[in-house]
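Presented below is the structure to which this report refers.
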């Protein structure tokens with residue numbers, strides 16, 4: 003293991019970009035194959051004996067794909083600096099997803115967001131990046147400090163339990179036993195603070211103000227990593243939490259949980275209305291991401307394997323769709339010099355191939371047929387309606403409005419009156435990289451079940 007880590011670090015400074023891509027791919031394949039995770043993912047997820055094995059494989063593999071796509075897009079950047087960043091992210095993501103320890107989960111979860119803060123501060127071009135960084139730090143402290151306090155509470159009461167910090171089956175897990183020994187009010191405080199840390203990093207309605215600001219000020223590769231990978235760490239953390247604690251029926255049936263779900267359902271309506279009136283293309287994609295994350299949070303609260311599976315599936319589809327949308331927005335910005343939706347029009351007459359991929363991504367974002375988003379949202383809708391029958395009204399509203407503004411966005415950008423600024427242009431080689439990257443994202447988004455039919 004350590005020999006591969008040394009080889010990976012060595013490649014940062016002495017190998018070219020193509021060799022580095024091969025090294026990080028081989029590094030990841032080795033660890034997945036050595037733990038038999040490839041069998042679960044590529045052959046039959048239903049035969050896996052360990053619930054955690056499935057989701058570790060699922061989340062880490064699509065994180066690897068996103069990293070490879072982003073690295074492919076950044077080949078013209080400073081090679082050594084980006085290699086260091088990508089090695090750091092690869093190691094942090096691997097140990098976060100494979101962690102069965104409470105403290106390690108917390109450490110690697112918080113360490114992963116350092117990269118985005120650096121991207122905003124050092125690669126952002128506007129003075130507003132300082133405000134975006136402040137928002138990001140305030141929300142991070144709001145979630146991480148109470149979570150650290152909960153961990154210390156457990157540690158002070160169960161210091162001599164060597165297996166306390168490990169996740170096991172709820173029947174013999176010291177974490178669950180210790181949670182049960184606290185008073186009911188203390189249990190709810192722990193429950194709230196633990197969930198709050200992951201809800202902020204999803205983020206969901208009410209804790210989402212930092213995300214649009216971070217996306218607007220971050221460079222395109224920072225937005226792709228943030229939307230494609232880092233937001234999914236919160237999903238994985240919530241799944242791990244509910245997998246451990248949902249054996250207590252009062253957590254699943256309590257009136258407070260119902261209030262939380264109703265709040266998120268209302269948030270889906272509000273966020274769709276806010277998203278439909280954005281004039282910045284990046285802000286539009288950012289608020290669309292918050293809508294998808296709110297749908298995930300609604301389903302996770304109900305618990306159960308189907309809920310976790312649907313949440314993981316929509317995380318996977320959103321990772322590729324959202325990161326590709328940010329890439330497309332950046333391509334439009336390179337041509338027009340602006341992200342204003344009213345200044346980015348008539349691209350069909352300039353780059354018809356790019357508009358074709360933009361069409362695939364827009365209809366995929368609103369869960370059109372044949373896209374992975376459709377299957378995942380059907381699963382989440384079924385879970386939610388089964389537990390709260392009236393929630394179908396909110397899901398219908400979401401389907402209508404998301405379809406409306408996604409189709410409107412495509413038509414306006416592609417076929418609107420041509421107002422492109424002639425002072426800006428994009429080279430054919432850059433357009434080739436953009437198109438190839440969008441093709442890879444779209445292929446995964448629409449051909450996923452062709453390669454993995456056993457998941458259905």
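In our numbering, the protein residues as written are 3 to 458.
Where is the CB? At the ideal position from N, CA and C, for every residue including glycine.
Just so we're clear, the structure is a prediction, and the values are computed from it rather than from any experiment.
Use the C-beta contact count for residue i: other C-beta atoms within 10 angstroms, 16 or more gives buried, fewer gives exposed.
i	result
residue 388	exposed
residue 400	buried
residue 14	At residue 14 the pLDDT is 48, less than 50, meaning the model places this residue with poor confidence and gives no usable figure here.
residue 344	exposed
residue 214	buried
residue 242	buried
residue 130	exposed
residue 410	exposed
residue 349	buried
residue 240	buried
residue 124	exposed
residue 102	exposed
residue 139	exposed
residue 284	buried
residue 165	Its pLDDT being 46, under 50, residue 165 is placed unreliably by the model, and the measurement read from it follows with that caveat. Residue 165 should be labelled exposed.
residue 234	buried
residue 257	exposed
Please report how far the alpha carbon of residue i lies from the alpha carbon of residue j, in whole angstroms.
i	j	result
residue 122	residue 447	28 Å
residue 217	residue 292	12 Å
residue 309	residue 61	16 Å
residue 394	residue 141	31 Å
residue 90	residue 116	10 Å
residue 358	residue 303	37 Å
residue 189	residue 297	26 Å
residue 127	residue 74	22 Å
residue 341	residue 86	30 Å
residue 444	residue 225	18 Å
residue 71	residue 368	23 Å
residue 94	residue 83	17 Å
residue 136	residue 209	14 Å
residue 442	residue 355	14 Å
residue 375	residue 432	29 Å
residue 272	residue 406	15 Å
residue 278	residue 156	44 Å
residue 402	residue 314	23 Å
residue 195	residue 144	10 Å
residue 436	residue 333	7 Å
residue 316	residue 392	22 Å
residue 324	residue 286	11 Å
residue 390	residue 104	32 Å
residue 468	residue 154	One cannot answer for residue 468 here, as it falls past the ends of the chain, which runs 3 to 458.
residue 4	residue 118	Any reading at residue 4 must be qualified, since the residue scores a pLDDT of 46, below 50, and its modelled position is unreliable; the value itself is stated next. Looking at the two C-alpha atoms, the distance is approximately 27 Å.
residue 449	residue 69	20 Å
residue 383	residue 371	15 Å
residue 280	residue 339	18 Å
Relative to the alpha-carbon of residue i, which residue among the options has its alpha-carbon at the smallest distance?
i	options	result
residue 300	237, 155, 340	237
residue 120	312, 220, 100	220
residue 404	416, 379, 386	379
residue 417	97, 307, 347, 191	347
residue 110	232, 97, 117, 131	97
residue 413	362, 311, 381, 382	362
residue 133	211, 337, 153	211
residue 2	151, 225, 208	Any question about residue 2 goes unanswered here, given that the chain covers just 3 to 458.
residue 321	257, 288, 391	288
residue 230	410, 433, 67, 407	67
residue 295	263, 329, 307	263
residue 76	377, 370, 329	329
residue 274	104, 290, 391, 261	290
residue 337	415, 366, 88	415
residue 327	203, 100, 440	440
residue 227	390, 114, 377	114
residue 202	335, 232, 223	232
residue 222	383, 360, 335	335
residue 386	371, 434, 312, 449	312
So residue i and residue j are in contact, right, with Cβ under 8 Å, and what is the actual spacing, rounded?
i	j	result
residue 266	residue 352	40 Å between Cβ atoms; not a contact.
residue 198	residue 148	6 Å
residue 1	residue 397	Beyond the ends of the chain as shown, which are 3 and 458, falls residue 1; an answer cannot be given.
residue 373	residue 365	7 Å
residue 112	residue 146	5 Å
| Which runs of the alpha helix (DSSP H) spanning at least 4 residues fall entirely within the stretch 90-128, listed in chain order? | Segments of the alpha helix (DSSP H) lying fully in the stretch 90-128: 104-113, 116-125.
| task | Report the residue ranges of all alpha helix (DSSP H) runs contained in full by the stretch 195-264; include only those spanning at least 4 residues, in chain order. | result | 212-219, 222-227, 233-247, 251-255
| query | Mind pulling the alpha helix (DSSP H) runs of 4 or more residues that sit fully within the stretch 369-427? | reply | 374-389, 394-417
| said: Ignoring anything shorter than 4 residues, give me the alpha helix (DSSP H) runs that lie fully in the stretch 302-376, in order along the chain. | reply: 307-338, 354-367
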